[in-house]
Every structure is written in structure tokens, then in C-alpha cells.
Amino acid sequence: MRLVLEKRATSSTLLALTSPFIALALTLVAGAIMFAILGKPPFASLITYFVDPLTDPWSREQIIVKATPLILIAVGLSVCFRSGNWNIGAEGQYLIGGLFGAMLPVLLHGWTSPLLLPLALIFGMAGGALYAFIPAVLKARFGTNEILSSLMLVYIAQQVVDWVVRGPWRNPQGMGFPGTKTFTDNAILPPLWANADAHYGTVFAILAAVVVWFALGRTLKGFEITVLGQSPKAGRFAGFSAAKMTIFAFVVSGALAGLAGISEVSGSVEKLDDKLSLGYGFSAIIVAFLGRLNPLGIIAAGLILALSFIGGENAQIMMGVSDRAARVFQGLLLFFVLACDTLIHYRVGFVRAPGGLKTAA
Amino acid sequence: MDIAVLISIIVSVAVSATPLLLAATGELVVERSGVLNLGVEGMMIMGAVAGFSVAQATGNPYWGALGAIVVGALFSQLFAFLVLTLVTNQVATGLALTILGLGLSGMIGEGFVGQPGIKLEKLDIPLLSDLPVVGPLLFSLDAIFYASIALVLAVWWFLFRTKTGLMVRGVGDSHTSAHALGIPVIRIRYLAIAFGGACAGLAGAHLSLVQVPQWTEGMTSGRGWIALALVVFASWRPGRVLIGAYLFGAVTIAQFHAQASGVPIPPQFLASLPYLATIIVLVLIARNRRLTMINTPAALGQPFVPDR
Amino acid sequence: MKKTLLALAAAAAVMLPAAALADGHGKTKACFIYIGPTGDFGWTYQHDEGRKAVEAEFGDKVETAYLENVPESAEAQRPIEAFARSGCNIIFTTSFNYMDPTNKAAGKFPDVKFEHATGYKREHPNVSTYSSKFYQGRYIQGQIAAKMSTKGVAGYIASFPIPEVVRGINSFILGAQSVNPDFKLKVVWVSTWFDPPKEADAAKALIDQGVDILTQHTDSTAAMQVASERGIKAFGQASDMIKFGPKTQLTSIIDDWAPYYIERVKAVMDGTWEQQDVWHGMDHGSVKMAPYTNMPEDVAKMAAETEAKIKANEFEPFTGPITKQDGTVWLKEGEKADIGTMLSMNFYVKGVDDQLPK
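Residue numbers (our numbering), protein chains in the order written: chain A, 46 to 406; chain B, 101 to 408; chain C, 54 to 411.
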């Protein structure tokens with residue numbers, strides 16, 4: 046027996062819509078097996094993981110908080126990935142976005158202008174975009190592999206932020222510990238409602254998703270992205286420049302990652318410290334694929350991934366399930382999503398291996 | 101600086117470079133066959149945990165190394181099945197393998213955290229290891245080090261001096277023509293990926309059995325990615341992988357020496373030096389088109405569905 | 054499901070202010086937030102030993118819970134609050150960067166007691182801070198190093214230039230110079246608390262640079278393993294690491310949190326808990342030394358004497374005369390360091406062969 050694929054004449058719309066759900070279901074089955082191996086009751090564990098956090102308003106809010114940077118970054122990545130540009134370094138762009146965004150609130154500490162917050166956000170986006178411009182221009186100009194260069198830049202960004210919060214920007218009243226002064230109120234992204242943990246970053250995330258969704262589906266630029274991503278050769282015939290697209294996609298994606306960075310700094314941490322890097326830039330890659338590179342799908346995917354984080358903590362508190370389980374779930378989910386996507390474009394069949402014995406049925 | 105210290109520094113560079121060399125050499129074969137596997141970090145960490153746990157269970161670090169090779173190869177087949185049989189996107193699937201490997205190894209290794217491991221001891225080669233200077237430099241290291249050097253030579257010989265090697269390169273340059281010639285494209289790629297996994301697994305075992313005989317979560321800390329960069333750095337030539345891995349090891353060790361001898365440079369700058377160096381080299385290599393064009397597998401990363 | 058219901062019931066109990074505690078019906082729940090895995094054999098391991106001691110002390114009158122690998126800074130907010138909501142009566146947050154989230158949570162849950170390790174902010178009456186004078190042990194290590202080293206140079210693997218680490222380095226060199234005034238110390242900053250291969254590389258570099266004693270302020274056992282491979286002596290960190298270097302470890306500073314944790318949980322049970330800021334040392338048994346091993350009798354005797362003096366508060370490492378690295382006088386003869394300078398220490402004393410990174 047051998048598994049073979051046969052290309053469908055047109056991709057299956059039904060499967061395109063259902064494949065993420067099939068993947069999710071398969072992940073849950075695999076998860077149940079994993080819990081059973083760990084000696085935990087499989088069904089009850091899954092409930093603690095994926096249902097309980099949805100049942101109370103506080104946990105729901107935490108899911109939204111956690112999903113916000115994931116969605117913002119993943120929406121940007123969808124532009125990159127659709128156009129065939131592999132930006133793996135969103136984490137670095139997120140960090141530099143946080144750093145640039147913090148520049149004015151830290152250096153002009155005490156400046157009471159209402160312009161401070163909008164400027165901080167713009168600086169954040171600019172920082173992320175600039176940092177993404179590096180691998181983009183290296184690829185467009187010299188053909189340098191962007192997967193590796195963008196990734197290497199993550200490690201460098203971590204060191205740069207670390208140096209800044211320990212050295213030049215360190216809070217003199219901070220007892221010698223790393224971290225800048227806490228931002229003044231006019232540099233803090235306001236909460237969505239009084240005393241909420243959720244802040245306006247969530248609004249940015251949804252806005253970004255809707256705008257990019259519209260641009261991808263309804264504008265010439267969106268068409269150009271898709272054409273170049275699917276076939277660079279066809280794109281060239283249509284008069285599109287792959288080099289310009291690389292720069293465009295990286296800059297958009299870097300700006301959104303930078304916005305996510307400054308939103309976290311200004312909305313949650315309220316200062317720049319050495320603990321900003323939490324791997325959102327990497328988790329967002331899963332989110333982008335789980336959302337099938339569709340910005341609206343990415344909103345749902347971001348929430349699902351955030352649920353897996355919150356559920357993981359819940360399971361650790363309630364049943365002593367190791368926190369590594371969350372990461373295994375995320376890896377499995379991405380595997381199943383990718384595998385199920387195959388079903389959209391191909392029919393899967395089995396044939397007897399050509400050299401196999403012909404046995405009577 | 102006296103000669104003994106110099107030797108000792110070179111040896112620590114070699115130890116630091118060995119896992120990079122192993123993983124990169126494995127990935128080189130994978131890429132030569134036209135597949136890009138970004139899951140090196142994941143396979144490496146699975147090898148590290150497997151090597152440690154098998155060594156604990158059997159009391160013999162050599163079984164540990166073997167276990168790491170087997171686990172690395174098996175784990176890579178998950179990736180192979182997805183990208184070869186289900187024709188999924190190679191970049192995304194490789195990332196999935198890395199994420200899964202990091203999580204899974206953490207879970208498997210939970211019970212081993214904080215336990216002293218069993219060290220794979222140095223292997224003195226009789227007579228040769230007594231030679232002055234070259235003895236301690238070349239003939240008094242661990243078995244995995246010798247394996248890594250032998251592997252580079254073997255891979256070079258295999259790829260450029262054997263018929264099967266020619267087939268592997270053919271598959272990587274154009275899977276459609278290779279298929280038309282009757283070369284089993286998919287089977288060759290499955291085997292290449294398994295080889296890459298085995299090498300990454302052994303690289304992981306070098307961390308958990310030789311460098312620090314213990315298990316820690318995420319102990320590969322990005323070395324798998326460096327290995328990937330080295331393959332491009334080396335423009336897909338085994339000999340240059342060797343040079344690259346040792347250069348990288350040297351930069352890593354040099355930063356600590358700079359600090360210990362009181363060079364007043366921020367440690368953050370020194371810590372980012374290896375990554376900065378990698379980017380610069382990637383740019384230099386990419387600029388030199390003639391050099392890269394000859395060696396780049398043309399079909400790298402392209403999906404292949406054989407028509408029946 | 055059952056557990057979830059239980060948790061909800063417990064959460065409801067917290068909403069009724071202190072009622073459950075006052076009648077002595079409910080169990081007291083003590084919860085711990087950890088930065089690393091409980092098996093790191095360093096910092097977190099010792100905190101978890103403290104948690105186990107609480108369980109052993111109070112039996113079924115107490116319930117404990119913990120979360121491992123909790124990221125620092127704003128990300129810690131959610132797990133701390135989740136604990137507060139799940140019915141914890143007292144929550145220990147055991148790393149410096151949990152400071153702001155701990156204070157925020159304390160504002161939201163005035164009936165839950167919060168204990169933050171190694172920080173300095175107490176913005177609400179239900180937050181206490183606690184730490185230990187680990188540097189006292191460093192002084193003893195310095196003395197031992199100066200006796201045991203033949204080259205007169207020790208190597209120090211340091212994590213991050215924060216006051217606690219700088220205090221340790223200074224205390225070590227002061228101890229060493231009390232034996233050998235020309236003693237030198239080489240410092241390597243690895244910018245991590247826990248990365249064994251990296252710590253091992255740093256250890257090798259230091260040894261190749263000519264040190265013959267290693268000490269560290271990072272949490273893994275890698276340096277100990279490298280030292281035993283190279284046949285030099287080394288000190289353990291945070292817990293007894295003797296099994297990683299049976300012929301290598303001279304001694305180790307052991308953080309013993311058990312007395313403090315028992316005391317504070319008891320205070321919650323009795324309703325006598327009050328805000329405080331403690332910095333206990335050897336006198337309270339919160340800093341201990343592992344057995345003095347792999348050294349001659351007279352060195353062990355000297356170490357034990359210093360330990361006894363520190364324990365009895367007869368001696369304090371940061372007592373003048375002490376000169377700073379830049380040559381200016383910090384403390385005059387007999388003068389003691391003030392607590393503010395101690396807590397925010399950001400300079401080296403004379404004899405450290407390194408520039409303090411910023």
C-alpha cells in the first residue's frame with residue numbers, strides 16, 4: 046500500500062473552510078492520548094485546558110490580552126508569507142518596536158503633551174519597520190537568505206534591548222536593577238474599560254486584520270502579493286517586481302510587529318525592561334498558518350493559541366499538568382493544520398505498491 | 101601565552117564547534133537533495149534528551165549516543181512524511197518540528213532535570229595521543245568529535261565521488277528530470293532527511309553527554325539555527341562547513357576570553373558578535389553569485405508530486 | 054470537573070473577607086510562583102524545598118500549590134492573579150521581576166497576603182518583601198579561595214550586573230583579600246541565569262586564563278562539572294552541588310527558605326500576618342554553608358570560625374576600611390555600610406580585575 050496524491054482541478058471550498066477544524070479535532074485527540082500517557086484523566090484534562098478558561102469573564106479577558114500581540118504580528122506575517130517572503134524574525138522587530146516606542150516616554154520623561162502616546166506608537170511602528178528593512182534589503186539587493194538573517198537579528202535585538210535597559214536608559218531610582226522609569230500616564234495605552242487588563246492594542250489588532258484582509262482581497266496590491274507568492278515568474282510577466290515586494294512585505298510586517306511591541310510596553314508593562322521577549326514573534330508564525338494566512342482567520346487562530354496558553358496555566362494550577370504540554374499542543378496543532386491543508390488541494394488515495402504481491406482479495 | 105594554554109583553548113573551540121559541525125553536515129545532505137528542513141533545532145534537542153536518558157538507563161554513554169541517532173532519525177521522519185508524502189510547505193513544517201521537539205523534549209526530560217549525567221569520556225588514541233602538541237590537540241578527544249571529522253570526509257566522498265551521491269545531487273537540482281530518468285526522488289529524499297535527523301540527534305547528544313553531562317530544557321539554545329546558517333555559509337560544500345563551524349566556535353569562545361582578560365566591551369555586544377558575524381558572512385556569500393550558483397541545489401524547497 | 058468546582062468554591066470563600074480563616078475551618082492555602090523548573094538544582098529548587106517544609110510542618114492544615122517557569126515582568130500578572138482567584142491565602146513570588154505584577158495583584162486582592170522575594174516595592178499593606186544575605190557566604194568562600202589557590206586568581210561566572218550579584222563579587226574579593234591582600238578576581242558575564250553549555254564555555258575560558266578556583270552566580274551545575282573535569286576546585290551555588298563534583302566542591306552557599314516560609318504561613322493561620330521587609334542572614338539560618346570538603350583541616354577550621362562569627366553577628370563583611378575599585382575610600386576603619394548603598398550596590402571594590410558592565 047502506498048499513499049498517493051492527485052491534484053484537484055479546483056481546490057475544495059468545503060475543505061478549505063473545514064480543514065482548520067479537522068486539524069483542531071485531531072490535535073484534541075492527540076492531546077487526549079498524551080494526557081492518558083501522562084496518567085491524567087484525558088477528558089477532564091481537556092475540559093480544564095480548553096473549556097474552563099472560556100467559562101469566566103476574567104479568563105476570557107486574559108485570552109484577549111494574550112491574543113492581541115499574536116494577532117497583530119501574525120497579520121503582518123500573512124502579508125510576508127503570502128508573497129513568499131519568510132520573515133522568521135518578527136520577535137526582533139517586536140523588540141525594536143518596543144525600544145523605539147519607549148524612546149520618547151523615557152527620554153522626555155515628564156513631558157505632559159497629549160502627543161506623547163501617538164508619537165510613541167508611531168515610533169514603535171517605525172522601529173519595527175526599520176528593523177525588518179534590514180533582512181528585506183539584504184534579500185532584495187544581495188539575495189541573502191532572509192530566513193536566517195531575520196532570525197539572527199532576533200538575537201541581536203535581544204542584546205540591544207538588554208544593553209539599553211541596563212545602561213543608558215536605566216531608571217536611576219531602580220536600585221541598580223535593569224529597566225527604565227515607569228511611563229507617565231500620558232504615555233500609557235488606556236485600558237478598554239476601567240481597570241481592565243485589556244488595552245487598546247486589541248483595537249489595533251482587529252483594525253489591522255480588517256484592513257489587511259480588505260487590501261489582500263480587494264486591491265491591486267493584494268493581487269500582486271498573491272501572484273508573486275504563487276509564482277514569481279508569472280509575477281515578472283505581469284510587470285511586478287519581486288524585490289520591491291520583498292521590501293514592502295517586510296516593512297508592513299515589521300511595522301505591525303513593532304506596533305505589537307510598543308503596545309505591550311505601553312499597555313501592559315508600562316516601562317521597557319529586559320523581559321520583553323516572550324516568543325510572541327515565533328508563536329505568531331503558528332497563528333498565521335492556523336489562520337490559513339487569512340487576516341480574519343488569524344483573529345480566530347490568535348484566540349485559539351491564546352486559549353492554549355491560558356488553559357495550560359489553568360491545567361498546571363488545577364491538575365499539576367506540566368507547562369510543557371502547552372508547547373506540545375502548539376507543535377501538534379501546526380502539524381495537523383499543515384497536513385489537513387493538503388486535503389484542500391489534493392485528493393488522497395491509496396494504491397498497492399507496484400512491486401507488491403498480488404494477493405487474492 | 102604558553103603552548104599548553106593555547107592547546108586547551110583550541111580544544112574548547114573544537115568541543116564547542118562539534119555539535120554545529122554534525123548538525124550542519126547532516127542538513128547539508130538534506131538540502132543537497134532539494135529539501136529545506138528548518139527543524140534542526142527540534143531534532144537536536146530530541147537527540148539531547150534521548151542521549152541523556154538512554155545513557156542514564158543503560159549506564160553507558162555510547163548507547164546514549166546511539167539512542168540519540170535513532171531518535172533524531174525517527175523524529176525527522178515526521179517532517180519527511182508531511183513534506184514528501186503530503187507535500188506541505190517545507191518552511192512551516194520545519195518550524196512545526198522545532199516547536200514540537202522543544203515541547204516534547206521538555207516533557208520527556210522532566211524527570212531528568214538536576215541529575216548528574218554520565219559523561220562520554222575522552223578517547224585517547226594509543227601512542228598518537230602521547231605525541232607533543234598534536235597528541236592532545238587531535239588524538240585525545242571524545243568519540244563524537246572523531247565521528248564529526250570522519251563524517252565530513254565521508255559526506256564529501258559520498259556526494260562527489262559516488263554514483264549514489266551524484267543521484268542525490270541530481271534530485272536536488274531538478275526533481276523532474278531525475279524522476280524522468282527513473283531515479284526514486286521521494287525515496288532518496290526520505291533517506292536524506294533521516295540522515296539529517298540522525299546527525300542532528302548526535303549533535304544534541306554531544307551537548308548532553310560531552311559538553312555538560314546533564315539535561316536542561318532548551319539546552320540547544322539556538323544552535324540548530326546556527327547549523328542551518330552554516331550550510332548556506334558553506335555554500336553547500338562539506339569542507340567549508342568544517343571551516344564555518346570552527347570559526348563560529350572560535351568567536352563564541354573568544355568572547356569569554358576577551359571578558360576574562362578585562363577587555364572593556366559590553367558583554368551584550370560580545371554576545372551578539374557570533375550572530376552579527378553570521379549575517380555578514382551570509383551577505384558576502386550571497387553577493388558572490390558565481391560561487392553560490394554552482395553549488396545551490398536548484399530545486400531547494402520546491403514541492404514535488406510525481407505524476408503516476 | 055470536581056477539582057474545578059472545588060476551586061470555584063475556594064474562590065468564593067476568598068470573596069467573603071477572611072471569614073474562612075477566622076473560623077479555622079478552611080485549610081490555609083500557600084502558593085508559590087517560580088522562575089525556573091523545580092529541578093534546576095539551584096534557586097527554584099531551594100524555594101520548592103521551603104514549600105515542602107511548609108507542608109511537612111502543618112500537615113493537612115495547609116495546602117500548597119506552585120507554578121513553574123513563570124515568565125517575569127507583565128506576563129507574571131496573570132498567573133499571580135489566577136492563584137489569588139483560586140483561593141490562595143498567601144502567595145510567594147520568588148523572583149525580582151515579579152515585583153510590579155505582585156504589587157498590582159495585591160491592590161486587586163486586599164485579603165490575600167503577598168510575599169515578594171528580593172524586591173523593594175511594597176505599595177499595598179498586604180505586600181511584604183524578603184531576601185537573604187547570601188553575600189555573607191561569599192566572604193567565607195573568598196577566604197577559602199585565597200587559601201586554596203596557588204596562583205592567587207579566582208574566576209567568577211556572573212549572570213547579570215544587578216546589586217545582588219555585585220555584592221557577592223565584592224564580598225568574595227574582600228574575604229579573599231583578608232587572607233591574601235594581592236588576591237585577584239577575574240569576572241565573566243554570561244547574561245543568563247541558566248544556560249549550561251554557555252556556563253561551561255565561560256568556565257573553560259576562565260581556567261585557560263589561569264584561574265585555579267571557580268565560583269559562580271548562575272544557577273546550573275555546569276561550572277562545577279567543568280572544574281572537576283579540569284581538576285580544579287570550585288564552589289556550588291544556591292544548593293549543595295556535591296554530587297556534581299564530589300572531589301571538586303569546597304563548599305556551597307545554601308539558601309534555606311524553610312524557616313521564613315513556615316513563619317509566614319503560620320502568621321496567616323494565626324491572623325497575625327503584618328507587612329514587613331526582612332533581610333535575614335546566617336543569624337536566622339536562612340543562609341547556610343554546605344560541609345567544608347576537599348580542603349585541609351586548617352582551612353576548614355578558619356572557614357567554620359568566620360561562619361560562627363557572622364552567625365553571632367560579631368562580624369559583617371562590609372566593614373571598613375574598604376576602598377572602591379577607582380581608588381576612592383568607601384568605608385573608613387570600622388565603619389559599616391549603610392543599607393541603601395548595600396541594596397543598590399553598583400561599584401566594585403579594589404582587586405576585581407574587570408570593569409563593571411552597565
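We put the CB at the ideal spot given by N, CA and C, even for glycine.
Query	Result
How about SER116 of chain B: is its C-beta nearer than 9 Å to some C-beta of chain A?	no
What separation, rounded to the nearest whole angstrom, lies between the Cα atoms of ARG340 of chain B and ARG132 of chain B?	14 Å
Taking the alpha helix (DSSP H) that SER231 of chain C falls in, what are its first and last residues?	216–232
Between A:ALA54, A:GLY303 and A:HIS390, which has its C-alpha nearest GLY246 of chain A's C-alpha?	A:GLY303
Would ALA356 of chain C pass as a contact of ILE133 of chain C if the rule is Cβ separation under 9 Å?	no
Tell me, which residues are paired with PRO236 of chain A by DSSP?	A:HIS244
Tell me whether the stretch 198–217 of chain A and the stretch 94–107 of chain C touch, counting them as touching only if at least three CB pairs, one residue from each stretch, are closer than 8 Å.	no
Can you find the residues in the same chain that come closer than 7 Å, C-beta to C-beta, to ALA253 of chain A, ignoring five residues on each side of it along the sequence?	LEU117, VAL120 and LEU301
THR346 of chain C: which of C:ILE215, C:PRO374, C:GLY298 and C:SER181 sits nearest, CA to CA?	C:GLY298
Measuring alpha carbon to alpha carbon, tell me which of A:VAL297, A:SER313 and A:PRO236 ends up nearest VAL256 of chain A.	A:VAL297
So, with DSSP's three-state summary, where would you put VAL210 of chain A?	helix
Residues of chain B with CB under 7 Å from GLY188 of chain A, in chain order?	ALA386
Cβ closer than 9 Å: which chain A residues qualify as neighbours of LEU396 of chain C?	MET220 and GLY221
Does ILE109 of chain B get closer than 9 Å to chain C when you measure Cβ to Cβ?	yes
For GLU315 of chain A, decide whether its Cβ has a neighbour in chain C, counting only Cβ atoms nearer than 9 Å.	yes
How is the beta strand (DSSP E) around ALA83 of chain C delimited, first residue to last?	81–86
Can you find a CB in chain A that lies within less than 9 Å of the CB of GLU125 of chain C?	yes
By DSSP, does LYS222 of chain B sit in helix, in strand, or in coil?	strand
Give a yes or no on whether the minimum CB-CB distance between ALA278 of chain B and chain C is below 9 Å.	no
In terms of alpha-carbon separation, which member of C:VAL180, C:THR268 and C:LYS105 lies closest to ALA211 of chain C?	C:THR268
Can the beta-carbon of LEU200 of chain B be found closer than 9 Å to that of SER176 of chain B?	no
Just tell me which of C:MET348, C:ASP330, C:TRP326 and C:THR359 has its CA closest to the CA of LYS341 of chain C.	C:THR359
Could you pull out every residue in the same chain whose Cβ sits closer than 7 Å to the Cβ of PHE369 of chain B, ignoring the five residues on either side in sequence?	none
Would you say ALA365 of chain C and ASP336 of chain C are within 9 Å of each other, going by their C-beta atoms?	yes
Between the Cα of PRO114 of chain A and the Cα atoms of A:SER311, A:ALA360 and A:GLN361, which residue gives the shortest distance?	A:SER311
Whether or not the stretch 123–135 of chain A and the stretch 354–370 of chain A are in contact is what I'm after, with contact meaning three or more pairs of Cβ atoms, one per stretch, closer than 8 Å; do they touch?	no
Quick check: what's the CA-CA separation for LYS389 of chain C versus VAL113 of chain B?	46 Å
Note down the Cα distance separating ILE369 of chain C from ASP230 of chain B, rounded to an integer number of angstroms.	The residue you asked about is not Ile; residue 369 of chain C is Glu in the sequence shown. Computed Cα separation, rounded: 52 Å.
Could you give the first and the last residue of the continuous beta strand (DSSP E) run that contains LYS341 of chain C?	340–342
Pick from A:VAL199, A:LEU162, A:THR225 and A:PHE95: whose alpha carbon is nearest that of ARG211 of chain A?	A:THR225
Enumerate, from N- to C-terminal direction, the unbroken alpha helix (DSSP H) stretches of 4 or more residues contained entirely within the stretch 331–364 of chain A.	340–364
What does the alpha-carbon distance come out to for the pair ILE192 of chain A and LEU195 of chain B?	11 Å
Between the stretch 265–278 of chain A and the stretch 181–197 of chain A, do three or more beta carbon pairs fall short of 8 Å?	no
For a test of the three-state rule: what should DSSP assign to GLU116 of chain C, helix, strand or coil?	strand
Closer than 8 Å between beta carbons: that is the criterion. Which residues of the stretch 267–278 of chain A meet it against chain B?	none
HIS357 of chain B CB to nearest chain C CB: under 9 Å?	yes
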